[in-house]
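Remarks on the structure that follows.
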Ligand SMILES: [Fe+2]
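Residue numbers (the numbering used here): 12 to 271.
Below is the structure:
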């Protein structure tokens, strides 16, 4: 059953459509504001459709996930030779649906529910272009993550200095679909050099857009009492590179002209 629409736009509420069309002055181009690297949007995905998407993810992808784990290296403590010189590499524990290969179980399951098509749809990238205010390349990366109880990602910044197309920054967009027994999970991020900002990501149909790199982490997902078994937060991700400064018309996903 294809639960996911062919076009991302079909999941949107009237507010979501206004953003896509450049008619929401708060959200459109929000990431162009100086110092603003993160936006969380609610009321953008239709609640009923978001619940159906969540149920489809639970049914189709739950048994195809692969664990991704980078624990704290013991040497980060016991290899230290100098007081207060600790350095923490990126740590994470989460499960992921591998969509890189068409032969994988995850890809087949995601394709069957329409997820692969929707994450590749023009309106998915156009929404990221609208909020980031930038022209984006037509080829983008997609990913599915699933946080269960205790899953988290430690402080990291997602900087890619070795990639000429990303070293100057790039855009990530995440759609969140949490199950009802998630108690909480937070995104903590830095502003002005300190981890002062905190946003709940325990949403059903919340959209978050990032202008990376910047320091952030995701707190361990906590389940409600006796809800561990079914507590999961699904994240659908798109990773978008900026279009080259000079590009042919139609070769990039352009942000909409923001209307007064
Ligand atoms: Fe990240």
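Note that CB positions come from ideal geometry on N, CA and C, so glycine has one too.
Per the DSSP calculation, residue 75 is bridged to which residue(s)?
Residue 75 pairs with nothing; no bridge assigned.
Can you tell me where the alpha helix (DSSP H) with residue 129 in it begins and where it stops?
126–130
Starting from the N-terminal side, write out each stretch of the beta strand (DSSP E) that is 3 residues or longer and does not extend beyond the stretch 194–270.
Counting whole runs of 3 or more residues, the stretch 194–270 contains the beta strand (DSSP E) stretches 197–202, 205–211, 215–223, 227–229, 244–251.
Which residues bound the beta strand (DSSP E) around residue 186?
181–189
Below 8 Å, can you find three or more Cβ-Cβ pairs linking the stretch 134–150 to the stretch 170–184?
Short answer: they touch.
Taking the alpha carbon of residue 129 as the reference point, which residue from 99, 84, 186 has its own alpha carbon closest?
186
Straight-line gap, residue 217 to residue 120 (C-alpha atoms, nearest Å)
Near 23 Å, if we compare the C-alpha coordinates of residue 120 and residue 217.
Beta carbon of residue 219 nearer than 9 Å to that of residue 199
no
Please report the residue range of the beta strand (DSSP E) in which residue 153 lies.
152–158
Buried versus exposed, by CB contacts within 10 Å (16 or more), residue 206
exposed
Counted within 10 angstroms of its Cβ, other Cβ atoms place residue 281 as buried (16 or more) or exposed:
Because the chain spans 12 through 271 in this model, residue 281 falls outside it and cannot be assessed.
C-alpha distance - residue 30 paired with residue 23, whole-angstrom precision
Note on geometry: alpha-carbon atoms of residue 30 and residue 23 lie some 10 Å from one another.
So residue 160 packs on residue 234, CB below 8 Å; how close in whole Å?
5 Å
Identity of the residue in 42, 175, 196 nearest residue 245 by Cα
196
Is there at least one non-hydrogen atom of ligand 1 closer than 8 Å to the beta-carbon of residue 205?
no
Within 10 angstroms of the Cβ of residue 17, are there 16 or more other Cβ atoms? Answer buried if so, exposed if not.
exposed
Closer than 6 Å: residues whose CB approaches a heavy atom of ligand 1:
167, 169, 227
Return the CA-CA distance between residue 46 and residue 224, expressed in angstroms with no decimal places.
12 Å
Does the count of Cβ pairs from the stretch 36–50 and the stretch 148–160 closer than 8 Å reach three?
Remark: fewer than three beta-carbon pairs, one from each stretch, lie closer than 8 Å, so the stretch 36–50 and the stretch 148–160 are not flagged as touching.
Opposite residue 112 in the DSSP bridges: which residues?
Residue 112 pairs with nothing; no bridge assigned.
Taking the alpha carbon of residue 146 as the point to measure from, which residue in 257, 263, 67 has its own alpha carbon closest?
263
Please name the residue, chosen from 212, 211, 177, 168, that lies closest to residue 273 on a Cα-to-Cα basis.
Residue 273 is absent from the structure shown; the chain starts at 12 and stops at 271.
Given this structure, state the Cα-to-Cα distance separating residue 70 from residue 27, to the nearest angstrom.
26 Å
In angstroms with no decimal places, state the Cα-to-Cα distance between residue 148 and residue 174.
15 Å
Are three or more beta carbon pairs between the stretch 251–269 and the stretch 33–40 nearer than 8 Å?
yes
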